[in-house]
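Step one of this worksheet: look at the structure below.
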Amino acid sequence: MGSAAAAAAALPASAGSGENLVLILDYGSQYTHLITRRVRQLGVLSLCVSGTAPLAALESLRPRAIVLSGGPHSVHAEGAPTFPEGFLDFADGAGAHVLGVCYGMQLLVQSLGGAVEPGERQEYGKMEVEGTAPSSALYGEAETGKRQTVWMSHGDEVVRLPEGFEVVARSVEGAVAAIENREKRFYGLQYHPEVTHSPQGMETLRRFLFDVCGIKADWKMQDVLDEEIKTIQSMVGPDEDVICALSGGVDSTVVATLVHKAIGDRLHCVFVDNGLLRYKERERVMSTFESDLHLPVTCVDASEQFLSMLKGIEDPEQKRKIIGREFIAVFDDFAHKLEQKVGKRPEYLVQGTLYPDVIESCPPPGSGRTHSHTIKSHHNVGGLPKDMKLKLIEPLKLLFKDEVRKLGSILNVPDSFLKRHPFPGPGLAVRVLGDVTQGNALDTLRQVDDIFVQAIKDAGLYDKIWQAFAVFLPVQTVGVQGDQRTHSNAVVLRAITSEDGMTADWYVALKILLPLHFFLANFRDSCTLLKYFVACTDKFASLHLYSYLLSSGPNNWLSL
Numbered sequence: 001m002g003s004a005a006a007a008a009a010a011l012p013a014s015a016g017s018g019e020n021l022v023l024i025l026d027y028g029s030q031y032t033h034l035i036t037r038r039v040r041q042l043g044v045l046s047l048c049v050s051g052t053a054p055l056a057a058l059e060s061l062r063p064r065a066i067v068l069s070g071g072p073h074s075v076h077a078e079g080a081p082t083f084p085e086g087f088l089d090f091a092d093g094a095g096a097h098v099l100g101v102c103y104g105m106q107l108l109v110q111s112l113g114g115a116v117e118p119g120e121r122q123e124y125g126k127m128e129v130e131g132t133a134p135s136s137a138l139y140g141e142a143e144t145g146k147r148q149t150v151w152m153s154h155g156d157e158v159v160r161l162p163e164g165f166e167v168v169a170r171s172v173e174g175a176v177a178a179i180e181n182r183e184k185r186f187y188g189l190q191y192h193p194e195v196t197h198s199p200q201g202m203e204t205l206r207r208f209l210f211d212v213c214g215i216k217a218d219w220k221m222q223d224v225l226d227e228e229i230k231t232i233q234s235m236v237g238p239d240e241d242v243i244c245a246l247s248g249g250v251d252s253t254v255v256a257t258l259v260h261k262a263i264g265d266r267l268h269c270v271f272v273d274n275g276l277l278r279y280k281e282r283e284r285v286m287s288t289f290e291s292d293l294h295l296p297v298t299c300v301d302a303s304e305q306f307l308s309m310l311k312g313i314e315d316p317e318q319k320r321k322i323i324g325r326e327f328i329a330v331f332d333d334f335a336h337k338l339e340q341k342v343g344k345r346p347e348y349l350v351q352g353t354l355y356p357d358v359i360e361s362c363p364p365p366g367s368g369r370t371h372s373h374t375i376k377s378h379h380n381v382g383g384l385p386k387d388m389k390l391k392l393i394e395p396l397k398l399l400f401k402d403e404v405r406k407l408g409s410i411l412n413v414p415d416s417f418l419k420r421h422p423f424p425g426p427g428l429a430v431r432v433l434g435d436v437t438q439g440n441a442l443d444t445l446r447q448v449d450d451i452f453v454q455a456i457k458d459a460g461l462y463d464k465i466w467q468a469f470a471v472f473l474p475v476q477t478v479g480v481q482g483d484q485r486t487h488s489n490a491v492v493l494r495a496i497t498s499e500d501g502m503t504a505d506w507y508v509a510l511k512i513l514l515p516l517h518f519f520l521a522n523f524r525d526s527c528t529l530l531k532y533f534v535a536c537t538d539k540f541a542s543l544h545l546y547s548y549l550l551s552s553g554p555n556n557w558l559s560l
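Under UniProt numbering, the letters of the sequence shown match residues 1 to 560, in that order.
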């Protein structure tokens, strides 16, 4: 079944037969599913399908609005993706409103007879755009000369508009930033309104959905819960048992609670100690699950198995795939033992896979999408072996982290779980740059990370930060401890803020750094560089640590 056909089959009863549906056509942008998320955040059902899906599949969905996403391609590139033949006539005949974003706008312009050419100045990152029309559908009244900050990401630009369009905003560099053809219901934005770096982007999307398209906000997270429970109950037979991969993080905790609500004690949770966990994570997770959630959990110590397979491996992508393969091997072994116990082999494995996991591992198996560029292979997506025996149940794979937290709240999952910072599935393997088995890298990283996170909690900042962690570098540097010279590995601290896990900004506060100095000044001589930074004067420590965190850019934290 194609992605569009599958989406049509999965429409909740509350969708109103498409009368309030927003369809996102995916042309490969890493932000595509964030558009889906933003639309849902406004209380509107949205679905994302391949931008090259057959026209018949799109017609069956009967969307009220269609958003053409951005993408990494140029409209002039050979094989560049485009919408199916007859799409524009379909949108016109169906009364659907079409909004092109970035590549989507350029595709719309070129298809309607306009012109797109390589820009003299490529625009990437934060830019200012200025309204050029006294009134527009996307921005409202009296917008001429009014500026806003947006997030640009394009090399080509529109140089000639199709008939019937007008420019309603330009960048300060003069590039076309927003266009409209109200009569034909075609609209375009050269920037990304869906990211938090476009502060007024949500207001623009709100105007498009409610004022321009006339859509009603009638979609709720309770609908997701009800639909997923029905789906799980219809998928899993009344006598079948299911295994759940449990890590103790937000995602796996919520998905375990959800599936347990659907099938009860036929769910068997497995917590795997792979030797790559945080400081005392195993003890904390097992104790909390027993006391707070009362879910049946079996702990499997596979640390030697994982670490032996990772010995000598330095490439993070290879680490992820090895870890994904070993996880499945552990679950297969557990399924065999469970079969001996209950008399029937479990056929399903539940995972807390989220939308960002799928996006970054694109193109995922069976998705039908071919236009996204892989950012990294998540151990539970791109890292899965092709010959795995267990079938997957992934109730959260269309949700973002903040949506999962809302779902968990409906399921009465304790805040102590829901507010935990994200932790990568491959664990510390991707936070030790290099061979994880060399020296005392893992032990050092565990202790520094624990001290860092505790300092954030003590400062009352834990809930304000999306993710905080330490990274062990495979480089050594000279420092001074007391009156002695030290020469050992560097450990870097990173703290970022985010709303959705798709874009992020760094976070540095002196009231975190100052307590860290006292903790780490007496730490073993295994993280010289970090001690050197925090042992300096307050301002010096902040500036130097801050500049070090900036070295790979604000959004590259996702690759660690």
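Note that the Cβ used here is the ideal one computed from N, Cα and C, for glycine as well.
Every value quoted in this text rests on a predicted model; they were computed, and no experiment measured them.
Under a 10 Å Cβ-count criterion, K319 is classified as buried, with 16 or more other Cβ atoms of the shown protein chains found around its own Cβ. Secondary structure remark: continuous alpha helix (DSSP H) runs of at least 4 residues inside the segment 384-452, in chain order: 401-410 and 415-418. Taking all protein chains in view, the Cβ of Q222 is surrounded by fewer than 16 other Cβ atoms within 10 Å, so the residue is classified as exposed. Less than 9 Å divides the Cβ of G28 from the Cβ of G51. Counting every other CB atom within 10 Å of its CB across the protein chains shown gives R147 a total below 16, marking it as exposed.
For the 9 Å CB-CB criterion, H154 and G70 form a contact. Counting the other Cβ atoms within 10 Å of the Cβ of H260 gives 16 or more, which makes it buried.
In the same chain as F472, and ignoring 5 residues on each side of it, the C-beta atoms closer than 6 Å to its own belong to V432, A441, L445 and V491, in chain order.
By the Cβ test, the segment 133-140 is not in contact with the segment 107-116, since fewer than three Cβ pairs between them sit closer than 8 Å. Secondary structure at Q351: coil, using DSSP grouped into helix, strand and coil. Under the 8 Å Cβ criterion, the segment 45-62 does not count as touching the segment 225-243, having fewer than three qualifying pairs. At a Cβ-Cβ threshold of 9 Å, L349 and F306 do not count as neighbours.
Between A468 and I456, the gap from beta carbon to beta carbon is short of 9 Å. Judged by DSSP secondary structure, K261 falls within the alpha helix (DSSP H) whose first and last residues are V250 to I263. Per DSSP, M221 has no beta-bridge partner at all.
In this structure, D273 lies near C299, with their beta-carbon atoms less than 9 Å apart. Per the C-alpha coordinates, the member of E339, D218, H192 and R494 positioned closest to Q30 is H192. Note on the segment 262-298: whole beta strand (DSSP E) runs with a minimum of 3 residues are 267-273, in chain order.
Per DSSP, the unbroken beta strand (DSSP E) holding A245 starts and ends at V242 to L246. By the CB criterion at 9 Å, V250 and R494 fall outside the cutoff. For I24, the enclosing beta strand (DSSP E) has its first and last residue at V22 to D26. Within 10 angstroms of the beta-carbon of E228 lie 16 or more other beta-carbons, which makes it buried.
Within the same chain, L138 and P193 come within 6 Å of T204 by CB-CB distance, once the 5 residues on both sides are set aside.
In the displayed model, E143 falls within coil according to three-state DSSP, outside both helix and strand. Restricting attention to H97, S488 and G425, the CA atom closest to the CA of F210 is found in H97. Taking one beta carbon from each stretch, the segment 177-188 and the segment 154-167 have 3 or more pairs nearer than 8 Å; the two touch.
In the three-state scheme derived from DSSP, where H, G and I count as helix and E and B as strand, D505 is classed as strand. In this structure, the alpha-carbon of H268 lies about 51 Å from that of E123. Taking the C-beta atoms as reference points, T497 is found no nearer than 9 Å to N489. Taking F208 as the centre and dropping the five residues before and after it, the same chain places the C-beta of A65, H97, L99, A137, L138 and Y187 closer than 8 Å to its C-beta, in chain order. Exposure of Q233 is indicated by the presence of fewer than 16 other C-beta atoms within 10 angstroms of its C-beta. Within 10 angstroms of the beta-carbon of P81 lie 16 or more other beta-carbons, which makes it buried. Rounded to whole angstroms, the Cβ separation of I393 and M235 is 7 Å, and the two are in contact under 8 Å.
Q340 counts as exposed, since fewer than 16 other beta carbons sit within 10 angstroms of its beta carbon. In this structure, L55 keeps its C-beta atom at 9 Å or more from the C-beta atom of E78.
Of the other Cβ atoms in all chains shown, 16 or more fall within 10 Å of the Cβ of R38; this residue is therefore buried.
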